[in-house]
Amino acid sequence: MGDIQNDIKRSYDELTYTSKAFPQCSPLRLEACAALLGIEPASSQNARILEIGCSFGGNLIPFALHNPNAKLVGVDLSGEQIRRGREILSEIGIKNLTLVQKDICKFSAADVGVQKFDYIIAHGVYSWVPDFVKEAILRVVKENLSQNGVAFISYNTYPGWKVKDILRDLMLLASKHEQSAQGRLRAAKEALKIYEKHLQDKVQSGSIEKQMPALALLSWLDIIKTQEDHYILHEYLEHVNDPFYFKDFAGDLDKNGLAYLCESDLSDIFRPDLGASDVDTYKNEKFKDRIESEQLLDFLTNRAFRQSLIVHKDAYAKVADKQIGPSDLNKLHIMINFKKEDGSWLNADDKYMPENIDWLCEVFHKMYPASINLSQILELLPEQKLNVYLAFLKLLSANDNAALAMKEFKNIEYEPGRSRLKPYVADYLKYFLNHEKPDIAFASELNFNENIQNTDYLIGLEFDGKNSIEQIGAMFAAYIKKNKMRIYDNDKEIKGEKINKYALRLVKETAKLFSALFLFEEI
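Numbering-wise, the sequence shown is residues 7 to 529 according to the numbering used here.
This is how it looks when you write it as structure tokens:
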């Protein structure tokens, strides 16, 4: 193991951080994206899945929990993270996920008793390792991915990272004499504070030549100030953070017999143009090559990050000229949470939806959290097939974060005698109750992280299919009083009988949240 890898290992052992799940690389989403584009991937429910750089396993645990027939393997260089990750698996009772401490440069599927993997995930790894490890990752993908398998690789890109490079280089300069992670972080933040004040003074000087780079830097400084310490350390103060142009990444894929399929959010599929006629005409006339066209778009949008789906070159060749039709779209089960404000529909990112699909947004709103399939709407509007299909395309083009899957997700509300908490979820909830600072973050099967509180875990364990909502409310109110918990609502302490009403309201809210997370099953 080289000096750089030793430094990387030491860094991740020294400062571990909460291991989260990421919806954009959920096996359910990878399967859906690939199927939409004509690849015939393995069913994720029975798939063999590898994650490179798995940390404590937080990105794999939610899927492993809900899909016991899948076989999952996580590999990480950090022995400390693997050790603690194995303890978590034991506590939750997960048997189909194996965590392995190993240098990815020396990894093969045979090491863990697998012939090939159907899905390979490398999120937050590729740009943060030296070139020889990047080469090893692509080799592992090429040699260990099944014929119609799908890999997910995220990475930092130019030109968007050109400005961020300035901030990173400043932070590295300011912190180079600090030995500890916290010392480096403190020195870097101090430098950013001084730099921000200097840039603000520059903007106020009025010179447009001075304002433009300063405004770009200030924009990124505002973002950095909102990010957690562990993210700042690993994004800006690691030994390696190597952004590159998309075209160079695509070239490396080609050398390894691999090919770029699409972005995980499908933005390149549903929004291939910018919507500016002169720019789009220029792009389509001068940049007919798919990779060059994508690279031009990265320049035009100043893109700083990509999350790409990768397949074997021969698998892509079979679908290179694929045109998405209704039968392809009909493979997807789609979940989007809309809300209506002042007569307009907005998604969870507060993005306004096109007015001509208001009717479809209303359908999704009424059905949420249940998934919706194209065929369901066509059954209701059989004479409007083309309009329904076009409305679905427009809906997906406007919602990068729509949850996608190949299977139906039902809205199952809690009702004694008819539904209950999925039994295998109980130990997952107990893990978070038993650890004040858990190493992993809670997530749904679709890898969506929710802001769940300890009270939600406590209440959730009582949804056994026997207790009524009112009984659970009474039990929770008794728990509050017994433990002399101080409860506040709008900064006002709740006392006496009002605790009973508060407890019942919270139980109803938790039941609704658990339904949205698909944690209930029918009895």
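We put the CB at the ideal spot given by N, CA and C, even for glycine. No experiment lies behind these values; they were computed from the predicted model shown.
Whole angstroms is fine: what's the gap from residue i's alpha carbon to residue j's?
i	j	result
residue 415	residue 140	37 angstroms
residue 444	residue 458	13 angstroms
residue 521	residue 307	38 angstroms
residue 235	residue 174	14 angstroms
residue 447	residue 25	6 angstroms
residue 143	residue 523	33 angstroms
residue 209	residue 294	40 angstroms
residue 364	residue 350	8 angstroms
residue 125	residue 195	38 angstroms
residue 71	residue 98	9 angstroms
residue 3	residue 111	Shown here, the chain extends from 7 to 529; a query on residue 3 therefore has no answer.
residue 163	residue 32	22 angstroms
residue 321	residue 247	31 angstroms
residue 517	residue 193	45 angstroms
residue 223	residue 211	16 angstroms
residue 117	residue 81	11 angstroms
residue 361	residue 348	13 angstroms
residue 88	residue 440	20 angstroms
residue 255	residue 409	27 angstroms
residue 84	residue 318	29 angstroms
Out of the options, which has the shortest C-alpha to C-alpha gap to residue i?
i	options	result
residue 377	340, 110, 390 and 364	340
residue 271	54, 234 and 42	42
residue 185	357, 244 and 176	244
residue 535	239, 136 and 224	Only positions 7 to 529 of the chain appear in the structure, and residue 535 is not among them; the question remains open.
residue 48	151, 117, 131 and 345	151
residue 460	449, 451, 438 and 471	438
residue 323	267, 63, 193 and 161	267
residue 515	497, 261, 119 and 462	462
residue 53	337, 78 and 35	78
residue 384	410, 362, 147 and 335	335
residue 398	81, 342 and 145	342
residue 269	189, 301, 502 and 313	313
residue 436	83, 136, 35 and 95	95
residue 355	434, 407 and 309	407
residue 452	525, 421 and 500	525
Using C-beta distances below 6 angstroms, list every residue in its chain close to residue i, excluding the 5 sequence neighbours before and after it, in chain order.
i	result
residue 279	286
residue 419	521
residue 449	27, 68 and 455
residue 387	394
residue 402	276
residue 431	525
residue 92	105
residue 63	80, 91 and 105
Looking at the strands, I want to know which residues DSSP matches up with residue i.
i	result
residue 80	57 and 105
residue 424	BP columns for residue 424 are empty, so no partner.
residue 455	449
residue 162	311
residue 498	495
residue 351	346
residue 341	409
residue 318	264
residue 123	151
residue 537	The structure shown does not extend to residue 537, since the chain is modelled only from 7 to 529, so the question has no answer here.
residue 251	164
residue 526	427
residue 143	For residue 143, which the question treats as bridged, DSSP gives no partner whatsoever.
Starting from the C-beta of residue i, find all residues in its chain whose C-beta is less than 8 angstroms away, skip the five residues before and the five after it, and write them out in chain order.
i	result
residue 505	483, 486, 487 and 493
residue 171	249
residue 352	344, 345, 346, 358 and 359
residue 197	176, 177, 179, 180 and 181
residue 412	34, 37, 38, 41, 49, 50, 337, 338 and 339
For residue i, which residues from the same chain have a beta carbon less than 7 angstroms from its beta carbon, with the 5 sequence-adjacent residues on both sides left out?
i	result
residue 51	73, 75 and 76
residue 46	154
residue 528	418, 424 and 425
residue 23	236
residue 258	144
residue 148	262, 263 and 264
residue 161	132, 133, 255 and 312
residue 472	422
residue 309	163 and 166
residue 115	121, 122, 123 and 150
Open item on the list: Would you call the segment 271 to 284 in contact with the segment 187 to 206, where contact means no fewer than 3 C-beta pairs closer than 8 angstroms?
Closed with: no
TODO: Inspect the CB distances between the segment 425 to 437 and the segment 465 to 478 and report whether three or more fall short of 8 angstroms.
DONE: yes
TODO: Mind the definition here: the segment 55 to 68 touches the segment 485 to 492 only if three or more C-beta pairs lie below 8 angstroms; say whether that holds.
DONE: no
TODO: Check whether the segment 469 to 483 touches the segment 503 to 514, taking contact to mean three or more Cβ pairs, one atom from each stretch, closer than 8 angstroms.
DONE: yes
Task: contact_flag[the segment 280 to 300, the segment 117 to 130] where n(CB pairs < 8 angstroms) is 3 or more - done: no
Open item on the list: Quick test of the definition: if touching needs 3 or more C-beta pairs under 8 angstroms, does the segment 157 to 168 touch the segment 185 to 198?
Closed with: no
Task: Stretch pair the segment 28 to 42 + the segment 103 to 113: three plus CB contacts closer than 8 angstroms - done: no
Open item on the list: Does the segment 325 to 332 come into contact with the segment 363 to 370, if we say contact requires no fewer than three beta-carbon pairs (one atom in each stretch) closer than 8 angstroms?
Closed with: no
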